[in-house]
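Just below is one structure, and these are the notes that go with it.
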């Protein structure tokens, strides 16, 4: 199981997956906006999305857990 | 005619000032970071 | 009848005026359709257009409206420092305070300034002109304008437009140089997440910086003082109104005056000269060398430090904020989508602004 954390403070502008989805390594999970730039947060490894801890429009801090993958 | 002496002086002073001022700034940032930390420790 | 015709501008139009109209339309077109620095190119383009209308005398010394903007705004050195006030109120120095050694990359990226300086001298420019051309390599619009007004006001249109146009071309100019100078392994270097920076550190930073920089290079004081004042407004937390005004309303007001004043210096007689082409060529050389020097310095640092620096953030020492940092992020993510360089690149990026202001201060002190 692994936590996907925010690499920097920013705003969640899109959540690309749902709980239960199967994802492959490097698939987009979340689109985060910081410094007026959109950045995809990708899956660190293949697995199933167990939990999504943020939603569209949330402001997140660095190191906040965004998604849990199993 | 171009005063090459002046040109070389502008270059060496300029690059020297850029590097030395940023280097001193680095030292200053480390220093005040340390000082703040030690003050906070004392306060605890 | 003839007399009436002669009082209109039409019969006084020159080919040069028409060429400048085309340039003006091109700027406005690029701003609107390509979104290239629209906040500047729209007023600059319009300024060019109206200053190339015969008999309007908008730039007539002592009388013309645009001359007054130019004289009291730029020649009196009011506008560029006010822009720096706003930039200070918008800049987060946190990433730089968290990892101060990346500051030195902002110094490395000033190297292109001096390459272009010597290049311009070899092309036959005088020393003050070469300084104004070199500073384009700092990729900092207000500093370029400030330096040029001081040292070579007749080149203002060219250096300002070169600086702003290359800044918007950073995403095109930098990547090939970044690829050329880095290995695949280096591009994938991951950097440790930056530590959080306390509010006290952020408040102390502008105070310490203004002391250090202005003591070493006093001629940089007008820009540096207002830059740090703006940042103090932002970080101290008790003058949110001033900070907001500096970053928004005041910034917008001076941007309008800056844009139209720069455009107004670009009359056909002043701008359509072979010299201007050399300014643009040297400006590009400056950008390229600054990018390369930043990357090479990062690689050089890796020889000494245990904690490796991803050389892709070296190019962000070119002070185009935040375009250059974004390019570092995009390049890094291309080779490893799990790599986030944006915040690491912001350190050299804002350090580059300080470095460019210092370089400009030395130019003005020695060549002025």
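Residue numbers (this note's numbering), protein chains in the order written: chain A, 1 to 70; chain B, 71 to 114; chain C, 115 to 482.
Beta carbons: idealized from backbone N, C-alpha and C, even for Gly.
Can you tell me whether residue 45 of chain A is buried or exposed, with buried defined as 16 or more other CB within 10 angstroms of its CB? Here residue 45 of chain A is taken as the residue at index 45 of the first chain, counted from 1. With fewer than 16 other Cβ atoms within 10 Å, it is exposed.
Is the shortest distance between the beta-carbon of residue 21 of chain A and the beta-carbons of chain C less than 7 Å? Along the first chain, read from residue 1 onward, the residue named residue 21 of chain A stands at position 21. So, not an interface residue.
Got a sec: which bits of the region 200-215 of chain C sit with their beta carbon under 7 Å from any beta carbon on chain B, in order along the chain? 211, 214 and 215
Check: Going by DSSP, what residues sit across from residue 51 of chain A in a beta bridge?
Finding: Locating residue 51 of chain A in the first chain gives position 51, where the first residue counts as 1. Residue 51 of chain A is bridged to A/68.
| said: Taking the beta carbon of residue 443 of chain C as the centre, do at least 16 other beta carbons fall within 10 Å, making it buried, or is it exposed? | reply: Position 329 of the third chain, counted from the first residue, corresponds to residue 443 of chain C. The residue is buried, with at least 16 neighbouring Cβ atoms inside 10 Å.
Could you tell me the alpha carbon to alpha carbon distance between residue 399 of chain C and residue 173 of chain C, rounded to whole angstroms? Counted from its first residue, the third chain places residue 399 of chain C at position 285. Counted from its first residue, the third chain places residue 173 of chain C at position 59. Rounded to the nearest angstrom, the two C-alpha atoms are 32 Å apart.
TODO: Would you verify that the beta carbon of residue 15 of chain A is, or is not, closer than 7 Å to some beta carbon of chain C?
DONE: Along the first chain, one-based indexing puts residue 15 of chain A at 15. So no, residue 15 of chain A is outside the interface.
Worksheet item: Which value, in whole angstroms, describes the spacing of the CA atoms of residue 40 of chain A and residue 245 of chain C?
Response: Within the first chain, the letter at position 40 stands for residue 40 of chain A. Within the third chain, the letter at position 131 stands for residue 245 of chain C. The straight-line gap from Cα to Cα measures roughly 42 Å.
| What's the call for residue 1 of chain A, buried or exposed, on a 16-neighbour Cβ count within 10 Å? | For the purposes of this step, residue 1 of chain A is taken as residue 1 along the first chain, with counting starting at 1. Counting Cβ neighbours within 10 Å, residue 1 of chain A comes out exposed, since fewer than 16 surround it.
Taking 7 Å as the CB-CB limit, is residue 249 of chain C close to chain B?
By one-based count along the third chain, residue 249 of chain C stands at place 135. It does not: the Cβ of residue 249 of chain C has no partner Cβ on chain B nearer than 7 Å.
*asked:* Against residue 65 of chain A, what residues of chain C qualify as contacts under a CB-to-CB distance less than 7 Å, listed in chain order?
replied: Along the first chain, read from residue 1 onward, the residue named residue 65 of chain A stands at position 65. Going along chain C, no residue has its Cβ under 7 Å from residue 65 of chain A, so there is no contact; the nearest lies around 14 Å.
Note to self: Just to confirm my understanding: we take residue 84 of chain B, look at its own chain, exclude 5 residues before and 5 after, and list those with CB closer than 8 Å. What are they?
What the structure shows: Along the second chain, one-based indexing puts residue 84 of chain B at 14. Taken in chain order, the list of residues that qualify is empty.
| Within the 7 Å Cβ cut-off, does residue 478 of chain C reach chain B? | Here residue 478 of chain C is taken as the residue at index 364 of the third chain, counted from 1. No - not a single Cβ of chain B is within 7 Å of the one on residue 478 of chain C.
| query | If you compare alpha carbons, which of C/188, C/432, C/272 and C/448 is closest to residue 464 of chain C? | reply | Indexing the third chain from 1 puts residue 464 of chain C at position 350. Ranking C/188, C/432, C/272 and C/448 by Cα distance to residue 464 of chain C puts C/432 first.
Locate the beta strand (DSSP E) running through residue 40 of chain A, then write down its first and last residues.
On the first chain, residue 40 of chain A is found 40 positions in, with the first residue counted as 1. Unbroken beta strand (DSSP E) run through residue 40 of chain A: 37-42.
Fill in: Proximity winner among B/74, B/92 and B/99, relative to residue 472 of chain C (alpha-carbon distances)
Reading the third chain from its first residue, position 358 is the one you call residue 472 of chain C. The shortest C-alpha separation from residue 472 of chain C is found at B/92.
Check whether the region 237-253 of chain C touches the region 267-287 of chain C, taking contact to mean three or more Cβ pairs, one atom from each stretch, closer than 8 Å. yes
Can you give me the Cβ contacts of residue 96 of chain B inside the same chain, cut-off strictly under 8 Å, excluding the 5 residues immediately before and after it? Translated into the one-based positions of the second chain, residue 96 of chain B becomes position 26. Same-chain partners within the cutoff: there are none.
- Query: What do you get for residue 25 of chain A, buried or exposed, if any count of 16 or more other CB atoms within 10 angstroms of its CB means buried?
  - Reply: Within the first chain, numbered from 1, the residue matching residue 25 of chain A stands at position 25. By the 10 Å Cβ count, residue 25 of chain A comes out exposed.
Take the Cβ of residue 306 of chain C as the centre, count every other Cβ of all protein chains shown within 10 Å, and call the residue buried at 16 or more, exposed below.
-> Here residue 306 of chain C corresponds to residue number 192 of the third chain, with the count starting at 1. Residue 306 of chain C should be labelled exposed.
When you compare the CB positions of residue 322 of chain C and residue 98 of chain B, do they come within less than 7 Å of one another, or not?
For the purposes of this step, residue 322 of chain C is taken as the residue at position 208 of the third chain. For the purposes of this step, residue 98 of chain B is taken as the residue at position 28 of the second chain. The answer is yes: Cβ separation under 7 Å.
Problem set entry | Contact list for the region 323-340 of chain C against chain B, Cβ threshold 7 Å | 323, 326, 327, 330 and 331
Check: Mind checking residue 262 of chain C: buried by the 16 CB within 10 Å criterion, or exposed?
Finding: Within the third chain, numbered from 1, the residue matching residue 262 of chain C stands at position 148. So residue 262 of chain C ends up on the buried side.
| request: Mind checking who residue 5 of chain A pairs with in its DSSP beta bridge? | output: On the first chain, position 5 is the one that residue 5 of chain A refers to. Residue 5 of chain A pairs with A/65.
(message) Can you confirm whether the region 12-24 of chain A touches the region 422-442 of chain C when touching is taken to mean that 3 or more C-beta pairs between the two stretches lie within less than 8 Å?
(response) no
Note to self: Short of 8 Å Cβ to Cβ, which residues in the region 436-468 of chain C face chain A?
What the structure shows: 436, 439, 440, 443, 447, 451, 452, 454, 456, 457 and 460
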